Each structure stands twice: as structure tokens, then as C-alpha cells.
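Working notes, beginning with the structure itself.
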Amino acid sequence: MVFKEVPLSEINFEDETFRITEDLCLEPMVASLQAVGQIHPVILAERRDSGPCRIVCGFRRLRALRSMGRAAAAAGFPAGRGPDELALFLLALWDKAAQRPFAPLEAARALSTLKQACGQSDEVLIERFLPLLGLTPHRNVLQAFLNLHMLHPELRRLMKDGHLTLSSAERLADASLAEQGMMAPVLCKIRLSASLQREVLELCDDLAAIHGTTAAGILNADEILAIAGDPDLSPYQKGERIRRHLARRRNPRLTRAQDAFFAEKKDLNLPGHVRLSPDPYFESPQLEVSFKVASAQAFRETAEALGRAAQTPALEKLFEVR
Amino acid sequence: MPMVPYHPTRILVQEEAWNDVATREILQRLPYAAPQTVRDIDSLLPELRAAADFRGAGKRTLILARNRGDFMKLCPGAGAEICCNYHVINYALNCHLECTYCVMQAFLNNPALTIYTNVGDLMREVRDKVLRAPQRSFRIGTGETADSLALDGITGYSTRLVPMFRTLRNAVLELKTKSAQIANLQGLDHGGHTIISWSLNPRRIIREEELKTASLGERLAAARQCQLWGYRLGFHFDPLIWYEGWEQEYEEVVRDLFRAVDPAGISWISLGCLRFTPHLKEIVRRRFPRSSVPNGEFVPGNHGKLRYFRPIRDEMYSKMLACIRSRAPGAFVYLCMENRAAWERSFGIAPSSSDALSAAMDGRAGIDGG
Chain B
1 MVFKEVPLSE INFEDETFRI TEDLCLEPMV ASLQAVGQIH PVILAERRDS GPCRIVCGFR
61 RLRALRSMGR AAAAAGFPAG RGPDELALFL LALWDKAAQR PFAPLEAARA LSTLKQACGQ
121 SDEVLIERFL PLLGLTPHRN VLQAFLNLHM LHPELRRLMK DGHLTLSSAE RLADASLAEQ
181 GMMAPVLCKI RLSASLQREV LELCDDLAAI HGTTAAGILN ADEILAIAGD PDLSPYQKGE
241 RIRRHLARRR NPRLTRAQDA FFAEKKDLNL PGHVRLSPDP YFESPQLEVS FKVASAQAFR
301 ETAEALGRAA QTPALEKLFE VR
Chain H
1001 MPMVPYHPTR ILVQEEAWND VATREILQRL PYAAPQTVRD IDSLLPELRA AADFRGAGKR
1061 TLILARNRGD FMKLCPGAGA EICCNYHVIN YALNCHLECT YCVMQAFLNN PALTIYTNVG
1121 DLMREVRDKV LRAPQRSFRI GTGETADSLA LDGITGYSTR LVPMFRTLRN AVLELKTKSA
1181 QIANLQGLDH GGHTIISWSL NPRRIIREEE LKTASLGERL AAARQCQLWG YRLGFHFDPL
1241 IWYEGWEQEY EEVVRDLFRA VDPAGISWIS LGCLRFTPHL KEIVRRRFPR SSVPNGEFVP
1301 GNHGKLRYFR PIRDEMYSKM LACIRSRAPG AFVYLCMENR AAWERSFGIA PSSSDALSAA
1361 MDGRAGIDGG
């Protein structure tokens, strides 16, 4: 490795062939450079045609230096003039591997580079590089991560910000980029826990299969867009409403049974602290009745309310087979 | 469409399986593929599971191996509130017929098709277990982890099992299939101790979901032939699959069934609605994107399995029962993997216990439990 100061004007910032880092957020790097200067040299590669140097390692450092108005950076150059793409990328890969585990999008980017830019076969990627990236050496894993690299930029951002789980991202990445592009605006407006993400995406896939459309088509229905665009709802409320809407569409008979149950339950005029719960899927006619009271008087009043409910014709209907 | 025959592209023989007569017989029937010897089947798993669709690709590898465990087990349905106390013999693992809903896709670790070659051990074990309990009756099927007859042209196992069951007073063998592979059954001395059963579904389901199986017409023609050979028959509407217009198409199947065979020779007809695990649903969506099987209205049931919402199941069972009884009033129809309440809602009556159902089925099978 040969080290020297390189003017930033001689570096090609547009060439991101060897980039692995997903997050190019500059603030922490700028703060570090301002505090202690450039500790580690970046790694650059000279071009055979004497054009501007290519960045191998140090994308964030160089961008931060540029944003700070610096004219040059300390850089190392691999020995010899002609290391091939793979040799250069391995420098970047091992440099990253030595620092911290690869985030999923970084692993996806690295695998894509190894395949597309470095011409590595699937077999080599599976056997050699998946373990290096901390992944299980299996063809399906490779395919999932290559798909993940094609994730729509908006969805990448959601994932990077922790709002989209890896399994949700993998699922979304199976769709075409155009479909992902149609889903992204809705998904950016809502928040869902990991399990609800899974449920919503599964509901979208199910409804898409049933109605002969795409998950994007389902998520862009007028009702969904109206919920997603409702300014009075928080992102979490929007997510929950959309989940409920999709579940009702997916399970119309169960929904009808639930609606009928709750309508009939209302007719019993029970006090609010009395819980009356059916079997969640009406598999059995059993009902669970529960209440908490803090005094004998409250107990007596509750018992009287239950007694009145017992005389209501609506009670029989609650036990009818739906 | 006739059943697509099984043509493995690679045959692996576990070292000790070379000692079994069955191995040599099977290989003689598959002369186009040179067998390779393997010492450790498990060491092949990474390779067998490497393909993108390893569940489909894996079946092209046939493994001939010895079963080191028990062949005969209680049916996995045992433990349900009302269960028929069935036993299963696992003579093979996996099936090449590619039913989209096949549960084996989700639970088989090894995607290859494995045939156990120590059939002598199998027969000894079954005989010992049956003879050791002369006061009990045994209904035993081979269709749990493989189709009973789809591979019979390769294994010829029916020619060993059927005559053996002839000698077991208190046992009956049920060969359950979606094929029309009955050639080996002709002329066997079954003595009424073998029932040949078919899983039935409408033509549309067979075409779209049971991809390499025999057509409905072939299955019914084979059933008719077996009846002429003196075998008693069984039919299984399992899985019943809901879709728009299911009533009419299942009614057509029932009509065709009773046109093809004499109801008096049918031991039993079972009904069981489609059930599968969430994991299997994912596999089906991925492997068979055009399958409509996962589109039904499912709810989680016992043991984490998904089942149709109860009113859908009730409706399917009661309509199927009415349809069958309208053509065969004396038909013995039972529910598989359902509880007492489901029986009562759909049939208006339920067996008093699993033992009562079991005894009734023994009677239908014509076996003597002492």
C-alpha cells in the first residue's frame, strides 16, 4: 500500500462501485474529523486511463471532508497499477468486516457487487461470501439478499430507519420495483410492529391472490389511501386501521360473525366493566364473562345487571351458531 | 390427464440397503439410472436442500435406505376428541405427485423420495404388533407419508403386504392413493383384509392442485376394477377444498363415484376439510403461486393449524353428507380430525367415543377384534 495526500478534485465521487456502507449520514463523521482530524486514510484506486481515482474504502470520510471544504485527504493506494475489481472490492469488504457486522442492506449491496461488478458465480457467493457476511450459505438466502439490494429507495430508507423488518423487506423485495414504488408511499405514512407488518403484508398477498391483482393494488385501494392520508390519525393508528380494514376484507364471514356478536352484546346493556368475550374464532359457543369490582355494593350491582341481561332475548342469540 | 410416473434422475443406495432383496428388485425396475452408494444420508442434506425449489427438485433423487426406527405408528390424528384409532405404516417418505397442499412439504427435512428397503423388518414388526394384541382390531394404512400405490410399480410392496394381511385375523390394510396403479393387486389373495381407497376431489381441484395425480375418471375406473377383483373400497374427501361453486362440483364427484362403484362394497367414506400450518401456506404461495388453496377463509385451530372458519366447515360437511346419503343411504361416513361438536352440528349425531367410532369402522372393515 502506498500512502499520500490526494486532492479531492482528483477523486471520482460518482463511482460507487465499491461502496458497502448503506448509511452515508455525515454529521457524526464531520464531528469526528473536526475533533481529531482524519485518523484512518481512505483507500483509493488509480485508474488505468489516468482519470480521477475510484473510492474503495472511505465513502463517508471523503464526503465529510468535502462538505467541510477540505482540499485533500490522506489515502492509501494498493500496490501495483492494475488490481482487478474483485481484488479491490475484497479490500473494502475485509476492511468493513474488521470493523463491525454487516447490516442486511450492506450485505445485500456487497453480494450484488460481487455478482454484478466482480463476476462471482452463485456457488462462490454461497460458499465463500455468505459466511463472511454472517449469513447462512444457502441459495435461497443468496437470492433473498440479491432481491433485497433491489429494494425501492423509499423502502430502503424505512428499513435503515428501523421501521421495516428484514423479513418484511425481503417480502417486499419479491415484488417488482414498480410495485414497491406503489406501496412505499403508503408504508411510509404508517407504523406497524414487526408482527403487524407481517400480518399486513400477508393480508395484502392473500387479497391480491384472491382478487387477481397485486399487493400494491390492494394497498392503493381508496379506503386504504384515505386512512393513510387522514391527518387526525397517528402513524400507529393508521397502521392499526389499515390492518383491521384488510382483515375484514380477507375474512368476511368471521367479520360478519364478530359484528353480529358485538351488536347483540350491546343489546344486553351490560355495565362497561363487564367483559363478555366469545371464542376468538367462534369455534365453540362458550362465552367468557369477567368483571372486577372493589366492593360488595359494586358486586351486587353487577350481579343485578347480569340478572337483567339474562332476561334479555338477545342473550340467546349470543350462543347461536354463527 | 394420467398420473405422471415417477422417474428419478439419481438413485442413492445406503450402504447397508444393498443387502435387501427389495433394493435389487427396485433397481431392476429402474434400469436407466446408475445407483450410487452412500454411507451417510444426512451428509447429503445440504446438497439436496441447495436448489431454489429444493422441495420439488429433491424428489428427483430416490434414496433406498433401511428404516432404523418403527414402521408402524398411531395415526397423527390420534388424540383428537373423536378419532378412529388408525395406525400407519411408513414404508416410504415423500411423494412425487405434487399436490399443492401436501403437508409433507412443511415437515420433511429431507426433500428426496426415500423408500425403505428392509421390508422384511416392516412385515415382521406389523405381524408381531398385531398378533401380540389378539383382542384388538387394527386398521392400518400406508398412505400417511407416501401414496400407497403411486410407487407400487417400482416397489411391488403391495404383493407382499396384501397376502400377509390375509393371515392376520384382527387386522385390515388400507391402501390409500391418488393414482390408478392397481396392476399388482390383480390376483392377490387378499381374503377381504385389504381395502383399496381413493382420495377424491373435483376435476378442477385435481387439475389445478393435484398436479401429477391420476384423473378422477382413472381413479374411479381403478376403483371399479378393484371392486370387481373382490376388494372392499374406501373413499376420502380429504382435503375438502372450498371455492366458489364447490357444492356443484363435489356433487358431480359423488354422482360419478356411485355410478362407478356399488355402494354396498364401500367400507367407509371420510370427510376432512383442508387444514395446514402457516408455514405450509407460505410454501404453497411460493411453490405454487397459482394455487387457490391458501385463499380460503382460515382461522387458527388446534396445534397451530389453520382451518376453515367453522361455519364453512359445518356447511361443507353437512352438504357432503346429504349429497352422499341421497345416493347411498347406507354409506358409512365419518369426519377426520374434528371434535364432537362438529359431528353434532354437521351430522346431527356424534359417536359416543373414539372407541365407538373405531368399533363401527372395524365392523365396516369386516375384521374381528376378538
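Which chain is which? The protein sequence lines are B and H, in order. Under my numbering, the first sequence has 128 at position 128, and the numbering climbs by one with no breaks. Every position in the second sequence, counted from 1, becomes a number in my numbering once 1000 is added. In this text, a Cβ means the ideal position worked out from N, Cα and C, and glycines have one as well. Remember, it's a predicted structure, so these values are computed and weren't measured experimentally.
Annotation for E1125/H: D1070, F1071, M1072 place their beta carbon closer than 8 Å to its own, counting only its chain and skipping 5 residues before and after.
Within the segment 254-301 of chain B, the runs of beta strand (DSSP E) that reach at least 3 residues and sit entirely inside it are, in chain order, 275-278, 287-290. Contact annotation: the segment 255-271 of chain B touches the segment 305-319 of chain B, with at least three C-beta pairs closer than 8 Å. DSSP places M1072/H inside the beta strand (DSSP E), whose first and last residues are 1072-1074. The residue among V1172/H, D1152/H, K1305/H with its C-alpha nearest the C-alpha of G1363/H is V1172/H. Here the alpha carbon of E1282/H sits roughly 37 Å from the alpha carbon of S290/B.
Going by beta carbons, P280/B and A305/B fall outside the 8 Å limit. Taking a 10 Å sphere around the C-beta of R171/B, we find 16 or more other C-beta atoms and assign the residue as buried. In the structure shown, N1302/H adopts helical secondary structure according to DSSP, grouped into three states. Residue range 1266-1273 is occupied by the beta strand (DSSP E) that includes I1266/H.
Scanning the segment 115-155 of chain B from its first residue to its last, the whole alpha helix (DSSP H) runs of 4-plus residues come out as 139-149.
Looking at the backbone, the Cα of D49/B and that of V42/B are separated by about 21 Å.
Taken through DSSP and simplified to helix, strand or coil, I1241/H comes out as coil. Of the residues assessed, A1342/H falls on the buried side of the cut-off, its CB having 16 or more other CB atoms within 10 angstroms.
The residue from V1119/H, L1064/H, A1022/H, A1057/H with its alpha-carbon nearest to that of D1040/H is L1064/H. With contacts defined by Cβ atoms closer than 8 Å, H1193/H and L1228/H do not form a contacting pair. Distance from the CA of Q1105/H to the CA of D1053/H, rounded to the nearest whole angstrom, comes to 11 Å.
A distance below 7 Å between beta-carbons, with the five flanking residues on each side excluded, links M1316/H to the following residues of its chain, in chain order: L1240, W1242, C1273.
For the segment 199-226 of chain B, the beta-carbon criterion of a distance under 8 Å to any beta-carbon of chain H is satisfied by D205, D206, A209, I210. Taking 8 Å as the threshold, the shortest C-beta distance from R253/B to chain H falls below it.
E1210/H places its beta carbon less than 8 Å from that of L1097/H. Closer than 7 Å at the C-beta level to chain H, one finds these residues of the segment 276-292 of chain B: Y281, F282, E283, S284. In the pairwise beta carbon analysis, the segment 1007-1017 of chain H is classified as not touching the segment 103-122 of chain B: fewer than three pairs are separated by under 8 Å. If you check the CB distance, Y1334/H and C1084/H come in under 8 Å. Below the 8 Å Cβ cutoff, chain B contributes D206, A209 as neighbours of P1294/H, in chain order.
In the three-state reduction of the DSSP assignment, F102/B falls in the coil class, being assigned neither a helical nor a strand state. Secondary structure at Q237/B: helix, using DSSP grouped into helix, strand and coil. Using beta-carbon distances, F1288/H does not count as an interface residue toward chain B, since no partner is under 8 Å. When 9 Å is used as the limit between beta carbons, H149/B is near no residue of chain H, the shortest such separation being about 17 Å. Selection R256/B, N251/B, I224/B, P252/B evaluated against I242/B yields I224/B as nearest (Cα-Cα).
When secondary structure is reduced to three states using DSSP, L164/B falls in the coil class, being assigned neither helix nor strand.
At a cut-off of 8 Å between C-beta atoms, N140/B counts as an interface residue with respect to chain H. Taking a beta-carbon distance threshold of 8 Å, R1285/H counts as an interface residue toward chain B. With fewer than 16 other CB atoms across the displayed protein chains lying within 10 angstroms of its CB, G134/B is exposed.
A Cβ of chain H is located within less than 8 Å of the beta carbon of Q143/B.
Between E14/B and A184/B, the alpha-carbon positions lie close to 26 Å from each other.
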